[in-house]
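> First to last, the protein sequences are chains A and B.
Every letter in the first sequence is one number past the one before it in numbering that gives the first Met the number 0, and letter 26, counting from 1, is 25.
Every letter in the second sequence is one number past the one before it in numbering that gives the first Met the number 0, and letter 159, counting from 1, is 158.
Mind looking over this structure? Questions follow.
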Amino acid sequence: MVDVTERAKQLREVAYYPGCALEGSGNGYDVSTRAIAHNLGLKLRDVKDWNCCGAMEVKNIDPKIQTYLSSRVLSQAVNATRNNVVMAPCNGCYHNLKKAEYDLAHDQNSRDVVEKISAKAGHKTYEAGQAETIHALDWIKETIGEEGLRERTKGKLAGLKIANYYGCMYVRPRHIFPEKDQGPGSESTSKPHFMDDLLAAAGAENVEFPLKTACCGGAHTLSDSDMSTKLVLNILQAAEANGAEVIATECPTCHSGLEMHQIRAEKRFGKKTNVRILYFTQLLGLALGIGPRKLGIHTNISESIPFLVEKGLT
Amino acid sequence: MPIHEKSLIRPENITTHDDLVIEGVDVSGHWSTFIETRVIADYNEAMEEEIAALPGGENIHRCWQCGSCTNSCTVHAIEPRFNPRYWIYLIRTGMESELLRDKDLIWQCVSCNKCTYACPRDVVPEGVMKATAHWLEMKGHVPESPSMIFDKIFTEQIVEHGRIEDTKVLMQFLKRTNQPLMQDWLKQIVMNIAARLPVKWGLKSAWSFVFHPRTRGWKKAGAALQDYIIEVEQHHKAALGAGTSNAASNDNPPQRKLHAAE
Numbered sequence: 000m001v002d003v004t005e006r007a008k009q010l011r012e013v014a015y016y017p018g019c020a021l022e023g024s025g026n027g028y029d030v031s032t033r034a035i036a037h038n039l040g041l042k043l044r045d046v047k048d049w050n051c052c053g054a055m056e057v058k059n060i061d062p063k064i065q066t067y068l069s070s071r072v073l074s075q076a077v078n079a080t081r082n083n084v085v086m087a088p089c090n091g092c093y094h095n096l097k098k099a100e101y102d103l104a105h106d107q108n109s110r111d112v113v114e115k116i117s118a119k120a121g122h123k124t125y126e127a128g129q130a131e132t133i134h135a136l137d138w139i140k141e142t143i144g145e146e147g148l149r150e151r152t153k154g155k156l157a158g159l160k161i162a163n164y165y166g167c168m169y170v171r172p173r174h175i176f177p178e179k180d181q182g183p184g185s186e187s188t189s190k191p192h193f194m195d196d197l198l199a200a201a202g203a204e205n206v207e208f209p210l211k212t213a214c215c216g217g218a219h220t221l222s223d224s225d226m227s228t229k230l231v232l233n234i235l236q237a238a239e240a241n242g243a244e245v246i247a248t249e250c251p252t253c254h255s256g257l258e259m260h261q262i263r264a265e266k267r268f269g270k271k272t273n274v275r276i277l278y279f280t281q282l283l284g285l286a287l288g289i290g291p292r293k294l295g296i297h298t299n300i301s302e303s304i305p306f307l308v309e310k311g312l313t
Numbered sequence: 000m001p002i003h004e005k006s007l008i009r010p011e012n013i014t015t016h017d018d019l020v021i022e023g024v025d026v027s028g029h030w031s032t033f034i035e036t037r038v039i040a041d042y043n044e045a046m047e048e049e050i051a052a053l054p055g056g057e058n059i060h061r062c063w064q065c066g067s068c069t070n071s072c073t074v075h076a077i078e079p080r081f082n083p084r085y086w087i088y089l090i091r092t093g094m095e096s097e098l099l100r101d102k103d104l105i106w107q108c109v110s111c112n113k114c115t116y117a118c119p120r121d122v123v124p125e126g127v128m129k130a131t132a133h134w135l136e137m138k139g140h141v142p143e144s145p146s147m148i149f150d151k152i153f154t155e156q157i158v159e160h161g162r163i164e165d166t167k168v169l170m171q172f173l174k175r176t177n178q179p180l181m182q183d184w185l186k187q188i189v190m191n192i193a194a195r196l197p198v199k200w201g202l203k204s205a206w207s208f209v210f211h212p213r214t215r216g217w218k219k220a221g222a223a224l225q226d227y228i229i230e231v232e233q234h235h236k237a238a239l240g241a242g243t244s245n246a247a248s249n250d251n252p253p254q255r256k257l258h259a260a261e
């Protein structure tokens, strides 16, 4: 067992891999992650010359292309910090780096392909175990923790009803997340709770939400839009039925999927929902007293500023 | 769909005759319904092996038909005909014509991995769905699915630049699938955010649209990936060429070339 305080100290400086979505449509996630890091005194060292992790698309051409892409990101992250920990807030990136790590540790064929492409590309082959990938949730939970957030936020989110939505890539498939499902204190793949814990520590009221790990149809958001709209509508309606005012997200694909299909559901199926959609980092930022513009809340498609003003959160 | 709600005889196999007399007995009309007998003889024994040779399909032989995949399936809940357990059964038994009835559904798998999470035999049904969708396209049974077009555009951009630019992927996708660039819901989204976004943000996205974000020093990696893609595609084709399928048509060659970084 690693000493918890020692680990917390180590993680105060991590390599940061934003990924393509956070530079584009999910920019609010990037801005708010950096803003809370600054506020909390945590250091983010950007991974140099990173590339796309392969997202959900590349594996359908061939899964090993994704393994290579993610392994290159990991090789860029090695030595970016002393502890070789890379933090990826995007669920897709996080999932792919974890998957590459697992495949490289367990599958000779993956190792051979990655070695071959890396040699041609002219860089050192990444070897399993050289870096550790964590999610933004792990990062806040392990460095600041619930106690730290309680002290810093003084329950600022009190009275805010939140449905925490984790999505698919953070928990499935189970085998690529060996640190999850390890009993008390660890994350659960069937009922994840890290986001619930952090937001509750900031004073929010988490509503009962059975669709925490339901799928938003993000992979087919454009190629099979009606399917995605139906899946998103399920999530939005379930959140509202359970009294949520806000859905907290931790993935740019889920986030923009919920936002886009909330509008599309109204246009196409005449089903209007009013629940607002915010990144959990934006909510934590508000709890820490950071202004909504500094958290990129105005760049979200889902309009939530008037609501936040009404709640006295800005 | 629960099995007891399922009609076990397909409507096209049920016939009634307006005017039919058999051995002096008038059997016209609905009182005497005939069921067409069906004998399955067109097995494609190579199908399982071919699908197993495509990425994702490797573990199909492990399936013992428990149905956990279909039970947990995201798409099945919305489209009851989407049935991974049944399709795996058809593939393993070589019932190609039966599988082809659902050929336009299989690509709809959203890769949520609930099946892989639930599967007690590590079949990775999600992978099998992707491999089957590939197989259908490569054999010319179906045109390239919108999902495959999207995946290709995405991969092309990565091979070329190392990174993705959202707007460009969106525009190229709508163009290649012959859809209007301004969908009504997209218009609504643009209008929603345009009003409250600072000019700086607009300039920034215009900038990244014109000057595609790219990874420094990507050229060699991109070329290496392109080589690898060509190699695996030849490998996949060879794996399918080895089998015999009665439906493989040469007039309709699978369009699987990635034309990036040329």
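Virtual Cβ for every residue (Gly too), placed ideally from N, Cα, C.
Quick one: which unbroken alpha helix (DSSP H) runs of 4-plus residues sit fully inside the region 48-92 of chain A? Chain order, please.
Here the runs fully enclosed are 62-76.
> Between the region 212-229 of chain B and chain A, which residues of the former have a C-beta closer than 8 angstroms to a C-beta of the latter?
212, 214, 215, 216, 217, 219, 220, 222, 223, 224, 226, 227, 228
> Taking 9 angstroms as the threshold (C-beta atoms), are residue 135/A and residue 86/A in contact?
yes
> Write down the C-beta distance between residue 114/B and residue 71/B rounded to the nearest angstrom, noting that I regard them as a contact closer than 8 angstroms.
6 angstroms
> Does residue 277/A have its Cβ less than 9 angstroms from a Cβ in chain B?
no
> If you draw a straight line from the alpha carbon of residue 298/A to that of residue 40/B, how long is it in whole angstroms?
Residue 298/A and residue 40/B: Cα-Cα distance of roughly 60 angstroms.
> With a threshold of 9 angstroms between beta-carbons, can residue 223/A be considered close to chain B, or not?
yes
> Between which residues of its own chain and residue 50/A is the CB-CB distance below 7 angstroms, once the five residues before and five after are set aside?
68, 71, 72
> Suppose the cutoff is 7 angstroms on Cβ atoms and the five residues either side in sequence are ignored; what does the same chain contact list for residue 151/A look like?
287
> Give the residues from the region 56-75 of chain A that approach chain B closer than 9 angstroms (Cβ to any Cβ), ordered along the chain.
Within the region 56-75 of chain A, contact with chain B at the beta-carbon level (separation under 9 angstroms) is assigned to 56, 57, 58, 59, 60, 61, 62, 63, 64, 67, 68, 71.
> How big is the Cα-Cα spacing for residue 139/B and residue 49/B?
14 angstroms
> How big is the Cα-Cα spacing for residue 205/A and residue 176/A?
25 angstroms
> So residue 120/A contacts chain D; which residues on that side make the cut at Cβ distance below 7 angstroms?
This model lacks chain D altogether, as its protein chains are A and B.
> Is residue 14/B helix, strand or coil when you go by DSSP?
strand
> With a threshold of 8 angstroms, are at least 3 pairs of Cβ atoms found where one atom belongs to the region 210-217 of chain A and the other to the region 130-146 of chain A?
no
> Flag residue 67/B as yes if its beta-carbon sits less than 9 angstroms from any beta-carbon of chain A, otherwise no.
No, its Cβ sits nowhere closer than 9 angstroms to a Cβ of chain A.
> To the nearest angstrom, report how far apart residue 206/B and residue 240/A are at their CA atoms.
42 angstroms
> So is residue 78/A in contact with chain B if we call contact Cβ pairs under 9 angstroms?
no
> Listing by chain order, which chain A residues have their CB less than 8 angstroms from the CB of residue 191/B?
262, 300, 302
> Who are the near neighbours of residue 244/B in its chain, counting only those whose CB is closer than 8 angstroms to its CB and skipping five residues on each side?
Bear in mind that the predicted position of residue 244/B carries a pLDDT of just 45, short of 50, making it unreliable; the figure below should be weighed with that in mind. Contacts found: 43, 45, 46, 49, 95, 138.
> Can you tell me whether residue 33/B is helix, strand or coil according to DSSP?
strand
> Using beta carbons (cut-off 9 angstroms, strictly below), is residue 246/A in contact with chain B?
no
> Just verifying my parser: in three-state terms, what is the DSSP assignment at residue 142/A?
Of the three classes helix, strand and coil, the one that applies to residue 142/A here is helix, per DSSP.
> Applying a beta-carbon distance threshold of less than 7 angstroms, which residues of chain B neighbour residue 266/A?
In chain order, 183, 184, 187 make up the part of chain B whose C-beta sits under 7 angstroms from the C-beta of residue 266/A.
> Let me see if you follow: with CB-CB separation under 9 angstroms, is residue 50/A close to chain B or not?
At least one chain B Cβ lies under 9 angstroms of residue 50/A.
> Work out the CA separation of residue 115/A and residue 23/A for me, nearest whole Å.
31 angstroms
> Can you tell me whether residue 193/B is buried or exposed, with buried defined as 16 or more other CB within 10 angstroms of its CB?
exposed
> Determine the chain A residues that contact residue 262/B at a beta-carbon separation under 8 angstroms, and present them in chain order.
It is not possible to answer for residue 262/B, since the shown part of chain B is limited to 0 through 261.
> Please go through the same chain and pick out, in chain order, the residues whose beta-carbon is closer than 6 angstroms to the beta-carbon of residue 250/B, but skip the five residues on each side of it.
Annotation note: pLDDT 44 at residue 250/B (below 50); position unreliable, no value reported.
> Would you mind sorting residue 61/A into buried or exposed? The rule is 16 or more other CB atoms within 10 Å of its CB.
buried
> First and last residue of the beta strand (DSSP E) that includes residue 277/A?
That run of the beta strand (DSSP E) goes 275-278.
> Would you kindly work out how many angstroms separate the C-alpha atoms of residue 170/B and residue 149/B, rounded to a whole number?
11 angstroms
> Here's the rule I'm using: 16 or more other beta-carbon atoms within 10 Å means buried, otherwise exposed. How should residue 76/A be labelled?
Counting Cβ neighbours within 10 Å, residue 76/A comes out buried, since at least 16 surround it.
> Taking the runs of the alpha helix (DSSP H) that are 4 residues or longer, which of them lie wholly in the region 231-287 of chain A?
Those alpha helix (DSSP H) runs which fall completely within the region 231-287 of chain A and span 4+ residues are 251-268, 279-286.
> Using the Cα positions of residue 141/A and residue 35/A, report the straight-line distance between them to the nearest angstrom.
Linking residue 141/A to residue 35/A through their CA atoms gives a straight-line distance of about 15 angstroms.
> Along the chain, where does the beta strand (DSSP E) containing residue 45/A start, and where does it finish?
42-45
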